[in-house]
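Structure first, then comments.
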Amino acid sequence: MISGCVTETVHPFQLLRYLPVHRVLICLHCRYAIQPGAIVRHLKEIHHLKRLRRRAFVEYASQFELADVDSIILPDETQFPVDSLPIHDGLACRFEGCGHLCATIQRMKAHWSSVHHLSPRNDGNWCSVPLQTFFRGNALRYFTNPALLASSTDSLEEPMSATEKPPITTITTPDLDEAQGLSSLVAYENNISLSVENMHLFDHYLNHTYKTISCGPETDGIFRIIVPQLAAKFPFLLHGMLACSALHLASSNPLNKKSYMLQAIQNQDQALPAFHLATMHVDRNNCQAILSYAFFLVVYGLSSESEDETLFLGNQRTNSSSNWISLLRNGCSMLCDVWSELKHGPLAPFAALWRDDIGVTADPNDPLLVSLLSAISESSETVATVQRFSGEDVHIYRDAALKLAGAFEFTRRFGASLSVWDALNSWLTQVLPEYFDLLDQNHPGALLLLAHYAILLKPLQAEWFLNGRVTKLMDEIGRRLEGNCSLHIWKLFLIARREFVS
């Protein structure tokens with residue numbers, strides 16, 4: 012296995028493999044395909060190659076004709092599994108003519124609710140299949156052996172069909188063609204005319220931004236169709252959507268970054284007051300818009316922090332522009348009166364991403380947990396100049412450590428399909444509120460746990476709205492810990508940092 016930091020002796024052909032049948036370029040270390048426009052970024056941010064070192068790899072990659080994400084030729088029965096790609100355990104929908112693929116039962120149930128408008132009766136509605144994907148992150152699309160999809164439908168004794176009557180509650184998902192007229196619909200419904208700048212942001216969202224924040228096929232249609240339709244009725248959602256589109260453009264257009272950042276701030280300033288007012292009067296009419304805006308607020312909070320703030324380490328729970336952490340932690344309770352309706356409505360895949368309980372209990376013999384808990388016993392030997400664990404600190408730290416070990420187990424189950432929403436919900440929403448108080452105090456134990464959480468987030472830091480901020484987080488934790496913690500905690504941090512950069 013090639014190390015994450017590519018050594019001087021590694022040649023381009025040893026790291027990159029071209030598959031001519033599918034027209035994709037596989038990174039042999041990461042074991043997934045690199046999108047055509049992301050090769051330089053991948054080499055820089057994932058493998059830490061300097062400009063001169065990257066040149067040979069970029070020239071090597073430039074000789075190949077790479078297919079766009081949407082035009083990949085998937086393997087037939089004789090080509091599956093694809094060499095150099097990992098194989099994951101997955102599920103295939105057995106609804107007649109469907110064949111939808113996903114990695115977890117929870118997502119399959121959400122698929123049945125939002126796409127087939129039916130409540131799944133039992134596990135006979137799907138079957139186990141091996142899955143692969145060329146890409147990760149927001150471009151992730153699973154495929155399997157086509158023969159397995161055919162056999163799964165043939166073997167179903169009583170296949171669900173489109174002729175079965177759905178429950179009384181109907182869910183309407185518009186055709187994608189309807190999106191072409193959404194810009195004029197938004198302007199009409201709100202009795203406003205979008206400025207040229209905002210129309211540009213709206214078009215960019217419909218064509219690009221929504222794909223980068225969706226976590227797969229289950230949410231693509233919601234972000235692409237349903238959310239803009241809701242934005243036609245709720246201005247705060249429209250401006251939240253435009254703010255994220257502006258931030259997305261700022262991340263990829265350095266020459267116009269200041270202009271796009273200003274547009275993002277202006278739209279967010281218009282969105283927040285109306286959103287806060289709506290949250291004081293949640294009802295069946297506005298609950299879908301509130302839930303949708305929550306996703307944009309999280310993306311905005313992740314991507315727009317000022318340069319003097321570090322991810323999770325700024326004063327992010329009191330600043331109105333970044334109260335997304337509080338929203339992420341308390342969103343379900345805020346919408347509790349309408350949560351059942353959200354879970355069974357067109358936004359069911361959104362609701363499925365918000366979890367009060369991730370359903371994982373940490374193994375007490377988990378090496379990570381044992382290592383983290385050792386910091387408590389060692390704290391009694393800490394010298395007087397270094398902050399110690401009080402009795403209350405021990406309770407808070409132990410709870411957070413147990414949940415962090417559970418978070419790693421939870422995210423391992425997703426494999427390559429892990430989304431930023433899964434990662435945030437796995438731990439950040441689960442810890443006690445007092446943990447954040449310790450974090451604000453630069454408590455060594457709280458910082459140590461956050462360093463390990465950074466390891467969990469690392470696969471996602473190439474997303475534009477994180478943009479290398481996880482690496483900056485790890486560096487800042489090291490700066491705050493050095494000379495301010497016990498020798499044992501410092502050693503545990505160094506081990507975590509080595510794992511992070513490997």
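Numbering (the numbering used here), first residue to last: 12 to 513.
Glycine included, C-beta positions come from ideal geometry on N, C-alpha and C.
For residue i, the three-state DSSP class (helix, strand or coil)
i: Ser139; result: strand
i: Cys38; result: strand
i: Phe91; result: coil
i: His215; result: helix
i: Gly232; result: helix
i: Asp79; result: coil
i: Gln25; result: helix
i: Thr422; result: helix
i: Phe154; result: strand
i: Leu324; result: coil
i: Ala427; result: helix
i: Thr144; result: strand
i: Cys113; result: strand
i: Leu129; result: coil
i: Ala44; result: strand
i: Gly192; result: Because the pLDDT at Gly192 is just 40, under 50, the model does not fix this residue reliably, and the value given afterwards should be weighed accordingly. Helix, per DSSP.
i: Val397; result: With a pLDDT of 48 at Val397, under the threshold of 50, the modelled position of this residue cannot be trusted, and the question is left open.
i: Leu30; result: strand
i: Glu19; result: coil
i: Ala363; result: helix
i: Thr220; result: helix
i: Arg295; result: coil
i: His406; result: helix
Given residue i as reference, the closest of the options once Cα atoms are compared
i: Ser130; options: Glu445, Gly494, Lys354; result: Lys354
i: Leu413; options: Arg424, Ser385, Phe425; result: Ser385
i: Ala359; options: Asn264, Val293, Val238, Phe421; result: Val238
i: His259; options: Lys244, Leu338, Ile276; result: Ile276
i: Ile369; options: Phe419, Cys138, Phe146; result: Phe419
i: Val80; options: Gln279, Ala150, Tyr446, Cys38; result: Ala150
i: Leu39; options: Glu510, Asp87, Ile83, Asp94; result: Asp94
i: Val512; options: Gly494, Ala465, His499; result: Ala465
i: Arg424; options: Gly101, Leu458, Cys298, Leu477; result: Gly101
i: Glu352; options: His250, Gln441, Ser125; result: Ser125
i: Asn341; options: Asn436, Gln281, Phe145, Phe323; result: Asn436
i: His58; options: Asp374, Gly48, Val21; result: Val21
i: Leu467; options: Trp475, Met485, Leu450; result: Met485
Within 8 Å, strictly: CB atoms of residue i and residue j
i: His99; j: His111; result: no
i: Tyr43; j: Leu96; result: yes
i: Ile407; j: Leu346; result: no
i: Ser225; j: Phe234; result: yes
i: Gly479; j: Glu56; result: yes
i: Arg52; j: Ala473; result: yes
i: Leu283; j: Val309; result: no
i: Asn278; j: Ala261; result: no
i: Ala114; j: Val140; result: no
i: Cys255; j: Tyr304; result: no
Classification of residue i by the beta-carbon crowding that lies within 10 angstroms, buried from 16 upward
i: Leu266; result: exposed
i: Thr372; result: exposed
i: Lys269; result: exposed
i: Lys469; result: buried
i: Phe24; result: exposed
i: Leu380; result: buried
i: Pro455; result: buried
i: Val431; result: buried
i: Met291; result: exposed
i: Asn240; result: Reading off the sequence shown, one finds Gln at residue 240, where the question assumed Asn. By the 10 Å Cβ count, Gln240 comes out buried.
i: Asp404; result: buried
i: Glu487; result: buried
i: Ala173; result: Note on Ala173: pLDDT 41, under 50, position unreliable in the model; no value is reported.
i: Ile84; result: exposed
i: Arg147; result: buried
i: Gly402; result: exposed
First through last residue of the beta strand (DSSP E) which encompasses residue i
i: Gly101; result: 99-104
Range of the contiguous alpha helix (DSSP H) that encloses residue i
i: Arg52; result: 50-56
i: Asn278; result: 268-290
i: Lys483; result: 480-492
i: His250; result: 246-263
i: Leu5; result: Coverage of the chain is limited to positions 12 through 513, which leaves residue 5 absent and any answer about it impossible.
i: Cys298; result: 298-314
i: Leu353; result: 350-354
i: Ser73; result: 62-73
i: Leu346; result: No alpha helix (DSSP H) contains Leu346, which DSSP labels as neither H nor E.
i: Phe476; result: Phe476 -> no alpha helix (DSSP H), and no H or E assigned at all.
i: Val238; result: 238-242
i: Ala373; result: No alpha helix (DSSP H) contains Ala373, which DSSP labels as neither H nor E.
i: His499; result: 498-512
i: Leu450; result: 444-451
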